[in-house]
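Protein sequence lines correspond, in order, to chains A, B, C and D. Using this note's numbering, you'd call the opening residue of the first sequence number 134 and step up by one each time. Using this note's numbering, you'd call the opening residue of the second sequence number 134 and step up by one each time. Using this note's numbering, you'd call the opening residue of the third sequence number 6 and step up by one each time. Using this note's numbering, you'd call the opening residue of the fourth sequence number 6 and step up by one each time. By construction, the Cβ of each residue, glycine as well, lies at the ideal position given by its N, Cα and C atoms. What you are looking at is a predicted structure, and each value in this text was computed from that prediction instead of being measured.
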Amino acid sequence: MPKRPRDTLSVWQVVELARHPERPYALDYIRRMAPDFVELHGDRVSHDDPALVAGPGSWRGLTVMFFGQQKGRNLAERVARNWAMMHPEGYRKAMRLARQAAKFGFPIVSLVDTPGAFPGAGAEERGIALAIGQAIMGWFEIPVPVVAAVIGEGGSGGALGMAVADRVLMLENSIYSVASPEAAASIVWRDSARKVEAAAQLQVTSRDLQAMGVVEEVVPEPEGGAHRDHEAAACALEAALWRHLEPLLRLPASELLQHRYERFRYIDSLVQAAPDFGPKVEPRGAAGNPAER
Amino acid sequence: MPKRPRDTLSVWQVVELARHPERPYALDYIRRMAPDFVELHGDRVSHDDPALVAGPGSWRGLTVMFFGQQKGRNLAERVARNWAMMHPEGYRKAMRLARQAAKFGFPIVSLVDTPGAFPGAGAEERGIALAIGQAIMGWFEIPVPVVAAVIGEGGSGGALGMAVADRVLMLENSIYSVASPEAAASIVWRDSARKVEAAAQLQVTSRDLQAMGVVEEVVPEPEGGAHRDHEAAACALEAALWRHLEPLLRLPASELLQHRYERFRYIDSLVQAAPDFGPKVEPRGAAGNPAER
Amino acid sequence: MRPEVGPEEWASWGVSPSSVAASGGRLPPIALTTNCPSCGVGLVPEALRERCYVCDCGHHFRMHADAWIALLADAGSWQERWADIRPHDLLEWKVPRAYQETLDQARAEGLNEAVRVGTATLAGLAVWLAVFDFRFVGGSLSIVAGERLTRSLEQAAATRTPYLLLAASGGARMQEGILALMQMAKINGAVGRLHQMGVPYFAVLTDPTYGGVPASLALLADVNIAEPGAAIGFTGPRVIKQSTHADLPPGFQSAEFQLRCGQVDLVVPRTELRARLAHLIQLYTRPGRGRG
Amino acid sequence: MRPEVGPEEWASWGVSPSSVAASGGRLPPIALTTNCPSCGVGLVPEALRERCYVCDCGHHFRMHADAWIALLADAGSWQERWADIRPHDLLEWKVPRAYQETLDQARAEGLNEAVRVGTATLAGLAVWLAVFDFRFVGGSLSIVAGERLTRSLEQAAATRTPYLLLAASGGARMQEGILALMQMAKINGAVGRLHQMGVPYFAVLTDPTYGGVPASLALLADVNIAEPGAAIGFTGPRVIKQSTHADLPPGFQSAEFQLRCGQVDLVVPRTELRARLAHLIQLYTRPGRGRG
Ligand SMILES: [Zn+2]
Ligand SMILES: [Zn+2]
Numbered sequence: 134m135p136k137r138p139r140d141t142l143s144v145w146q147v148v149e150l151a152r153h154p155e156r157p158y159a160l161d162y163i164r165r166m167a168p169d170f171v172e173l174h175g176d177r178v179s180h181d182d183p184a185l186v187a188g189p190g191s192w193r194g195l196t197v198m199f200f201g202q203q204k205g206r207n208l209a210e211r212v213a214r215n216w217a218m219m220h221p222e223g224y225r226k227a228m229r230l231a232r233q234a235a236k237f238g239f240p241i242v243s244l245v246d247t248p249g250a251f252p253g254a255g256a257e258e259r260g261i262a263l264a265i266g267q268a269i270m271g272w273f274e275i276p277v278p279v280v281a282a283v284i285g286e287g288g289s290g291g292a293l294g295m296a297v298a299d300r301v302l303m304l305e306n307s308i309y310s311v312a313s314p315e316a317a318a319s320i321v322w323r324d325s326a327r328k329v330e331a332a333a334q335l336q337v338t339s340r341d342l343q344a345m346g347v348v349e350e351v352v353p354e355p356e357g358g359a360h361r362d363h364e365a366a367a368c369a370l371e372a373a374l375w376r377h378l379e380p381l382l383r384l385p386a387s388e389l390l391q392h393r394y395e396r397f398r399y400i401d402s403l404v405q406a407a408p409d410f411g412p413k414v415e416p417r418g419a420a421g422n423p424a425e426r
Numbered sequence: 134m135p136k137r138p139r140d141t142l143s144v145w146q147v148v149e150l151a152r153h154p155e156r157p158y159a160l161d162y163i164r165r166m167a168p169d170f171v172e173l174h175g176d177r178v179s180h181d182d183p184a185l186v187a188g189p190g191s192w193r194g195l196t197v198m199f200f201g202q203q204k205g206r207n208l209a210e211r212v213a214r215n216w217a218m219m220h221p222e223g224y225r226k227a228m229r230l231a232r233q234a235a236k237f238g239f240p241i242v243s244l245v246d247t248p249g250a251f252p253g254a255g256a257e258e259r260g261i262a263l264a265i266g267q268a269i270m271g272w273f274e275i276p277v278p279v280v281a282a283v284i285g286e287g288g289s290g291g292a293l294g295m296a297v298a299d300r301v302l303m304l305e306n307s308i309y310s311v312a313s314p315e316a317a318a319s320i321v322w323r324d325s326a327r328k329v330e331a332a333a334q335l336q337v338t339s340r341d342l343q344a345m346g347v348v349e350e351v352v353p354e355p356e357g358g359a360h361r362d363h364e365a366a367a368c369a370l371e372a373a374l375w376r377h378l379e380p381l382l383r384l385p386a387s388e389l390l391q392h393r394y395e396r397f398r399y400i401d402s403l404v405q406a407a408p409d410f411g412p413k414v415e416p417r418g419a420a421g422n423p424a425e426r
Numbered sequence: 006m007r008p009e010v011g012p013e014e015w016a017s018w019g020v021s022p023s024s025v026a027a028s029g030g031r032l033p034p035i036a037l038t039t040n041c042p043s044c045g046v047g048l049v050p051e052a053l054r055e056r057c058y059v060c061d062c063g064h065h066f067r068m069h070a071d072a073w074i075a076l077l078a079d080a081g082s083w084q085e086r087w088a089d090i091r092p093h094d095l096l097e098w099k100v101p102r103a104y105q106e107t108l109d110q111a112r113a114e115g116l117n118e119a120v121r122v123g124t125a126t127l128a129g130l131a132v133w134l135a136v137f138d139f140r141f142v143g144g145s146l147s148i149v150a151g152e153r154l155t156r157s158l159e160q161a162a163a164t165r166t167p168y169l170l171l172a173a174s175g176g177a178r179m180q181e182g183i184l185a186l187m188q189m190a191k192i193n194g195a196v197g198r199l200h201q202m203g204v205p206y207f208a209v210l211t212d213p214t215y216g217g218v219p220a221s222l223a224l225l226a227d228v229n230i231a232e233p234g235a236a237i238g239f240t241g242p243r244v245i246k247q248s249t250h251a252d253l254p255p256g257f258q259s260a261e262f263q264l265r266c267g268q269v270d271l272v273v274p275r276t277e278l279r280a281r282l283a284h285l286i287q288l289y290t291r292p293g294r295g296r297g
Numbered sequence: 006m007r008p009e010v011g012p013e014e015w016a017s018w019g020v021s022p023s024s025v026a027a028s029g030g031r032l033p034p035i036a037l038t039t040n041c042p043s044c045g046v047g048l049v050p051e052a053l054r055e056r057c058y059v060c061d062c063g064h065h066f067r068m069h070a071d072a073w074i075a076l077l078a079d080a081g082s083w084q085e086r087w088a089d090i091r092p093h094d095l096l097e098w099k100v101p102r103a104y105q106e107t108l109d110q111a112r113a114e115g116l117n118e119a120v121r122v123g124t125a126t127l128a129g130l131a132v133w134l135a136v137f138d139f140r141f142v143g144g145s146l147s148i149v150a151g152e153r154l155t156r157s158l159e160q161a162a163a164t165r166t167p168y169l170l171l172a173a174s175g176g177a178r179m180q181e182g183i184l185a186l187m188q189m190a191k192i193n194g195a196v197g198r199l200h201q202m203g204v205p206y207f208a209v210l211t212d213p214t215y216g217g218v219p220a221s222l223a224l225l226a227d228v229n230i231a232e233p234g235a236a237i238g239f240t241g242p243r244v245i246k247q248s249t250h251a252d253l254p255p256g257f258q259s260a261e262f263q264l265r266c267g268q269v270d271l272v273v274p275r276t277e278l279r280a281r282l283a284h285l286i287q288l289y290t291r292p293g294r295g296r297g
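This is how it looks when you write it as structure tokens:
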């Protein structure tokens with residue numbers, strides 16, 4: 134079982150960099166990639182979700198549909214953006230515009246940066262669980278290239294709902310985890326103060342995820358972290374995104390969707406390869422008898 | 134221009150019959166047609182709309198998806214059903230289950246009986262206009278047979294949202310109109326008390342609509358009206374619905390959808406045939422120049 | 006013009022400022038009150054006309070179809086279609102006023118139904134343009150309006166030309182009865198086919214847009230744009246208050262309310278509209294895009 | 006059993022009462038409190054067992070996977086699949102308790118992961134059946150659970166066999182880290198294909214169903230069924246109160262709440278569940294139906 138390479142930073146230092154208040158946020162990248170980005174709004178049901186910015190823009194001669202979970206730079210912005218914690222309407226807006234991208238053949242870029250979906254009563258009343266589930270299922274039916282990048286925090290299902298892509302990248306000092314370290318600590322220890330140990334055990338850094346085969350590439354950040362040089366961080370991310378998107382533009386839709394399916398179908402192959410895991414998938418139809426009608 | 138046949142009842146008497154408190158309501162018909170009807174719930178967004186009952190049931194050896202705008206028999210029921218005035222969630226529930234019917238190849242029967250969509254703040258906040266517009270557009274993309282019948286009041290867009298079908302029938306003493314007589318009176322006279330004159334001018338009876346080519350068949354009611362004999366009224370409606378649905382079951386989906394499109398595309402041919410109406414549709418492409426790219 | 010977003014920014018979008026500026030020149034005159042209903046300032050018609058009838062306070066005055074066509078269509082590019090389709094008094098509507106009289110008077114005033122359609126270019130980009138005229142029986146949806154909209158939608162689909170709607174309506178036309186209601190289905194069938202053909206559709210909702218128009222095509226665009234302060238909804242506030250005895254919050258059904266409620270994508274000042282639309286049309290019609 | 010809807014009604018649905026009654030016979034014993042937490046009555050385990058562990062007051066006691074399989078699968082029809090897939094401590098999770106220890110103990114207690122899948126018949130109708138076991142690390146979604154769910158969904162799609170899910174889960178399994186989260190995507194890809202193949206999917210959500218399970222497959226069925234009083238949601242009430250300091254209304258996230266909120270189709274008492282499911286499967290698999 135491959136070990137995490139020795140990082141020069143502790144896991145918790147990485148967590149703190151991923152959450153650094155000066156770190157570039159989604160719009161800092163999107164506006165650099167597509168200065169003519171047009172933010173569109175609304176789930177066409179009952180709300181708009183400011184925690185997710187979404188809309189088309191011009192990038193490298195293409196019209197691309199951009200999505201970004203957007204944090205706020207100051208308190209007012211953070212409140213307005215709800216700390217990038219999405220409500221159901223955000224996932225519904227995303228699916229509406231992903232289908233629009235499919236209608237026009239626009240490739241999709243999604244930037245992930247959220248502590249998680251919003252843990253509030255209104256989100257529950259409006260079906261946050263199903264909204265995330267429909268988004269995760271919906272992405273598998275969007276016949277245009279989708280490239281996602283975790284640029285800061287990739288928190289739980291709230292992040293995954295915007296990261297079902299053909300390629301998933303991570304900035305060097307970003308994290309992606311099944312639950313925030315605090316949440317995991319309160320689940321496992323019943324004490325969120327144990328977040329540092331939790332983060333270490335959860336293995337949340339970009340290198341961890343690359344080692345586990347969950348992300349295709351770790352995008353290096355400027356010395357000391359992306360917050361030290363937004364411009365350089367954006368250049369690196371832009372180049373990496375294009376490197377992954379460009380070949381996808383040539384794939385027929387059917388292949389694209391088949392690859393996306395298999396990317397997640399076998400994403401845990403590291404574990405499935407373990408000798409004690411058990412038998413691999415059997416030839417289909419083996420269990421067919423009851424179904425022959 | 135054909136005149137309304139001389140009815141034995143005044144237009145307003147028909148309006149009163151259509152609204153008769155003892156008149157059979159949607160569930161009175163559905164439960165007789167499909168005793169095993171299962172009412173399903175929810176728009177999968179944030180609400181369920183009790184003003185619309187919807188779900189599958191067995192009818193003539195088929196599984197059919199039933200829809201019905203449901204009034205209440207007593208005050209408690211009327212409040213619970215909101216007098217059959219739908220909210221946006223009702224039209225979203227309808228589209229969800231219409232797509233489910235398409236998934237499984239279930240034909241659809243829709244029973245229309247509403248004063249109109251609910252004129253309330255909550256309905257506006259949750260997008261009643263768009264919900265109706267999406268439903269009207271959505272029905273044209275449901276590749277299974279759809280037969281609708283107005284069984285009481287067919288009020289405005291709230292009714293049309295459930296009546297975009299391959300065949301539309303009306304019970305003899307039901308009405309279907311661009312606006313309720315009261316609403317039309319308050320728009321035209323600024324005085325809803327002029328509802329009787331408004332109803333007469335609007336030409337809202339089943340015979341009027343048949344004469345205008347808007348409905349395929351008027352289903353006769355028992356002597357004195359459907360409320361006199363629910364059983365007989367249900368038998369007549371059931372037979373008429375099947376007479377119209379059965380031939381549709383043999384049509385390929387593409388033909389079905391093309392016919393549905395043309396049914397509404399040329400529903401006003403009576404007017405288009407008028408000598409002073411103007412030129413008919415021109416050969417397509419005639420205006421193509423600006424588009425040649 | 007007093008654009009919040011100026012030519013230098015249009016250029017950064019790849020939209021040529023000159024092409025944006027090259028609109029139908031000066032707008033036709035509009036009947037105006039003497040003072041602005043929002044800020045009360047005395048109005049100077051000529052000055053206001055230069056600013057697309059937007060007051061310095063931001064109040065957007067209602068414009069009629071001719072003004073909208075002049076604003077949106079490049080000079081000389083407007084080719085009106087099916088202008089000779091005529092309304093018909095099928096129901097022989099008599100009281101309180103004969104429908105035929107209503108029609109004759111509107112025609113005498115030089116109005117040609119509640120919707121006019123045609124082809125044009127906007128900043129050099131080909132579009133099908135459909136414009137409601139609130140002066141004609143309150144922009145009410147009629148058989149002629151529905152027929153013009155449907156034919157133009159079908160043509161836009163057949164020729165893959167972007168479709169641009171300018172909406173302003175009080176609802177369906179009572180005097181045409183059930184056939185006016187049926188236009189909603191006729192139109193939306195065609196809207197569905199426009200989408201299936203992958204043709205871009207942009208809608209601009211202006212003050213007021215109510216009833217059968219937002220409940221048919223007006224909110225079904227790929228990008229829904231509303232004018233600042235425009236009242237948009239299904240049921241009007243008066244009827245809602247009557248039937249529910251509810252107090253409606255200030256700004257209820259305003260463009261900004263509909264933005265919060267997820268129904269519209271953008272609220273765009275009229276002074277920016279041409280540039281915004283030019284940019285959107287370019288984005289949504291760019292050749293050599295990825296596959297759908 | 007004390008069915009609110011009795012055999013005569015099942016018959017009227019075309020569901021044979023005998024086939025409904027022919028369940029896996031008596032349910033296995035369940036660990037019970039001495040009194041009902043809802044009505045406080047002293048519990049008689051044998052009597053309760055005869056009533057599918059539903060108290061006279063309507064309280065539904067939690068059942069484990071063996072009980073669910075006995076209740077839903079016709080006697081002798083259950084063929085478990087992929088029971089030999091084993092969890093793996095990829096992260097070498099140590100504190101506060103080693104994951105391997107947790108796994109070993111659960112295995113020692115005769116538990117085989119949080120999800121078990123297999124084929125069965127329900128009232129004679131072939132189904133793929135997936136059952137969560139809350140006893141195994143709180144029914145948490147793990148790699149083995151995800152793999153069993155995905156393989157069974159793929160098999161159901163390939164053989165066009167109706168899929169029946171029995172959900173009970175506290176969320177994703179922390180000790181498997183990001184790969185536990187990824188199961189949500191793996192599973193939902195397969196759910197999408199099940200739908201594309203036109204195969205009926207029914208989900209039964211029991212107390213409790215939280216986190217990654219309702220946010221992946223549990224609410225994506227054609228018909229979502231919840232047990233009376235079951236707590237269903239994404240975030241648990243404790244965390245919601247902590248993070249928003251909000252008071253939650255009584256019944257928040259209950260099955261009845263989710264019915265009002267449009268997330269589930271039906272709330273069905275356990276005593277009726279077999280008959281209801283048999284009826285739904287018949288409706289959704291009827292041959293000679295209209296075309297899709
Ligand atoms: Zn002013
Ligand atoms: Zn009890």
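- Interface criterion not met: the Cβ of C/H250 is under 8 angstroms from no Cβ in chain B.
- For D/W133, there are no neighbours in chain B by C-beta distance under 9 angstroms, as the nearest C-beta there is about 17 angstroms away.
- The alpha-carbon separation between B/I320 and B/V311 amounts to approximately 12 angstroms.
- If you compare the alpha carbons of C/T211, C/A185, C/Q160, C/T39 with that of C/L199, the shortest gap goes to C/Q160.
- Per DSSP, the unbroken beta strand (DSSP E) holding A/W192 starts and ends at 185 to 192.
- Across the set D/N117, D/A70, D/A36, D/L271, the C-alpha of D/N117 shows the shortest separation from the C-alpha of D/R91.
- Shown in chain order are the residues whose CB sits closer than 5 angstroms to a heavy atom of ligand 1: C/C41, C/S43, C/C44, C/C60, C/C62, C/H64.
- If you compare the alpha carbons of A/L173, A/A167, A/A326, A/G190 with that of C/V269, the shortest gap goes to A/L173.
- The beta carbon of B/M345 sits closer than 8 angstroms to some beta carbon of chain C.
- Across the region 252 to 266 of chain A, CB contacts with chain B closer than 7 angstroms involve E258, R259, G260, L263, in sequence order along the chain.
- Between D/V122 and D/R86, the alpha-carbon positions lie close to 6 angstroms from each other.
- About 20 angstroms separates the beta carbons of B/D169 and B/K226, which is beyond the 8 angstroms limit, so they are not a contact pair.
- The straight-line gap separating the alpha-carbon atoms of B/F251 and C/P22 is approximately 46 angstroms.
- Boundaries of the beta strand (DSSP E) harbouring C/A208: 206 to 215, taken from the DSSP string.
- Listed in chain order, the non-local C-beta contacts of C/P42 below 8 angstroms within the same chain comprise H64, local neighbours out to five positions each way being set aside.
- With its beta carbon at least 8 angstroms from every one in chain A, D/W83 lies outside the interface.
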